[in-house]
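Residue numbers for the first sequence follow the working numbering, so the first one is 6 and each next one is one higher.
Beta carbons are placed, not taken as given, at the ideal position from N, Cα and C, and that holds for glycine.
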Amino acid sequence: MAGDDAVAALAAQSISLAARAESGGRARASARRGQARRRRFGSRSRVMERISIDQARAHEGQQVEIQGWLYNLRKSGKIIFPVIRDGSGLMQCVAVKSNLPEPVFEALKNLTQESSLSVTGTVRAEARAPGGYELDVTDAHVVQRVPEERPYPITPKEHGVDFLMDHRHLWLRSRRQHAAIRVRHEVIKGIRDYFDSHGFILVDTPIFTPSACEGTSTLFEVDYFEDEKVYLTQSGQLYNEANAMAFGKVYCFGPTFRAEKSKTRRHLTEFWMVEPEMAYADLEEVKRVAEELVVYLVGRVLETRQEELKVLERDTAKLANVKSPFPRMSYDEAVKALAAKGSEIRWGGDFGNTDETLLTQDFDRPVIVDRYPAEIKAFYFQPDPERPELALGVDMIAPEGYGEIIGGGQRIHDLALLEKRLDEHKLPREAFEWYLDLRRFGSVPHGGFGMGVERFVAWMCGLEHVRETIPYPRMLYRTRP
RNA sequence: UCCUCAGUAGCUCAACGGUAGAGCAUUCGGCUGUUAACCGAAGGGUUGUAGGUUCGAAUCCUACCUGAGGAGCCA
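Right, dumping it as structure tokens:
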């Protein structure tokens, strides 16, 4: 109620401001103020419903009000077509000069892009309108008119990456960005639904951490109080292991930070990661859950976000192939396959981006690779019992060049072995005492994985770069807006 | 950190050693079914910065700044 009053007051104020700019607009402004006042007292709310554009279908033939922003305006003399967006969709409106009070028609006709306004009118099915419905305008109220001295910078034509990134706060209003963020929303919701319905408990891990998971070179350092240094987390995994020993099956889900000086289409310095961890789980169970999650998420996006994928011009046939079982291979087999394809990889090296693309090019779904050389993996991986030089780690590589979307594996549960590994990696024992406790008090085999949300969403959307999958991307040389 | 490419009107680009131009955006005019509408007109520039070569530099050279793509590293 208080919100409505505030909007009405703002509308009245902005109309009087707009009217001052017109010559002889004083009487009209006063008339408009009268309308705004009647709205405040709700005299019209009984006959007219305020709807969001995505509800238009259910209000065919009815008089409704839409509150939004001017997305585009096409003029043809005495008939104009303002396209309004309200966050839920786009609605083409039709304003005919002969059917409207002169000031209303003139205000609409001269409106600038992204000016905020509310329009009232009748919803009508119309094949010529994008979306299938349009609004025959009977009244309109401009809330704020964007002044022409400084027009909205993002025009309907093309723009470069630098310009769009500098205007990210406005770029989010565009259709493609809207679609990508909605797919992101669906993926995040899907992740939560999957884990919540499979016996997992959300137990979030800290963002400020006292020490590194895997060495300090890729951590952002933060000044804490009294000369203390802390770091922004790059993984919740160590805490996840403690949580799994407390709750059985857990997941954490939040932002993570990597101070890697990576400058590619797959990297952000701040990105979201979901990390499940399961007590009594071995490598095979980790692989099973990872695959089931991915199949579920792809199916869900296809089911609920067809409109968005269409806007993004995503070839959904490629996503429809993503079903169980995923092809699986060992690191050994992967290296052989890559060598046969002409890669320069040698046993013991990690896969480069071109290697990842080569590995997946023969498949229409993600590829699961496991049992990597222990040397190129973190200290906490359980060794393969048959070949101790291998770590029971697993990666899932998405098709179409989207790269590694999941990394995980089985963790060391033996105290002596874990102590040995800490020494080998020259990690300070005292910082890991609490972590070692997990092997002292009822240690069990366990494992889990991490999935990067942005890479997954980029794959779903078919985007060239992960920067469009997060509202405000943080990258090597970009921290604004 | 390294390699490659690019900085010209608010935006996207052209001009490639000889007076800086187009489309979009903005303003004005026209159009009653437009679909990034269309048609006509106007305003809009220290060509990223600093040096250098030249009669003359947006254009050639050097350094720097900014951005993009890639490598390594990673989700």
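Rounded to the nearest whole angstrom, the C-alpha separation of Ile-212 and Ala-396 is 27 Å. Arg-416 carries a strand assignment under DSSP once its states are collapsed to helix, strand and coil. Contact between Gln-415 and Pro-450 holds, with the beta-carbon distance rounding to 7 Å and staying under 8 Å. If only uninterrupted alpha helix (DSSP H) runs of at least 4 residues are considered, those enclosed by the segment 205-257 are 242-252. With a beta-carbon spacing of about 5 Å, Val-188 and Met-465 fall inside the 8 Å limit used to define contacts. A direct Cα-to-Cα measurement between Glu-391 and Gly-353 gives close to 18 Å. C-alpha of Ala-247 to C-alpha of Val-208: approximately 10 Å in a straight line. By the criterion of at least three beta-carbon pairs nearer than 8 Å, the segment 332-347 is not in contact with the segment 306-323. Taking all protein chains in view, the Cβ of Phe-200 is crowded by 16 or more other Cβ atoms within 10 Å, so the residue is classified as buried.
Straight through space, the alpha carbons of Thr-261 and Arg-271 are spaced by roughly 15 Å. Taking the Cα of Glu-191 as reference, the smallest distance to any Cα among Pro-486, Leu-443, Phe-461 is reached at Phe-461. Here the alpha carbon of Lys-83 sits roughly 50 Å from the alpha carbon of Glu-405. DSSP, reduced to helix, strand and coil, places Tyr-377 within a strand of the structure shown.
Around Asp-360, the same chain offers Leu-343, Ser-348, Ile-350 as residues with beta carbons nearer than 6 Å, after the five sequence neighbours per side are excluded. For Arg-90, the enclosing beta strand (DSSP E) starts and ends at 84-90. Going by beta carbons, Val-300 and Lys-328 fall inside the 9 Å limit. Under DSSP, Leu-75 takes part in a beta bridge, and its partners are Ile-89.
For the options Arg-426, Ala-383, Glu-280, Ala-264, the alpha carbon positioned closest to that of Phe-205 is the one of Glu-280. Taking the Cα positions, Gly-357 is about 43 Å away from Arg-90. Comparing C-alpha distances from Ile-196 to each of Lys-315, Phe-86, Glu-296 shows the shortest one belongs to Glu-296.
Counting the other CB atoms within 10 Å of its CB gives Glu-435 a total below 16, which places it among the exposed residues.
Apart from sequence neighbours up to five positions away, the residues of its chain that approach Tyr-285 with a beta-carbon distance below 7 Å are Val-449, Pro-450, His-451, ordered along the chain.
Take the alpha-carbon of Leu-298 and the one of Glu-459: they are about 16 Å apart. Asp-59 and Phe-454 have their C-alpha atoms spaced approximately 37 Å apart. Taking 9 Å as the cut-off, the beta carbon of Gly-94 is found closer than this to the beta carbon of Gly-136. CA-to-CA, the gap between Leu-314 and Arg-376 works out to about 35 Å. Taking the Cα positions, Asp-167 is about 47 Å away from Asp-389. Three or more pairs of CB atoms, one per stretch, sit closer than 8 Å, so the segment 175-188 contacts the segment 148-162. The three-state secondary structure of Gly-195, taken from DSSP, is helix. A direct Cα-Cα distance of roughly 20 Å separates Tyr-407 from Ser-335.
DSSP places Ala-403 in the strand class (E or B) of the three-state scheme. Counting along the chain, Tyr-138 sits inside the beta strand (DSSP E) bounded by residues 138-149. Looking at Asp-419, Asp-355, Ala-421, Arg-426, the one whose alpha-carbon comes closest to that of Val-399 is Asp-355. Closest option to Tyr-76, judged by alpha-carbon separation, among Pro-330, Val-88, Gly-66, Glu-70: Val-88.
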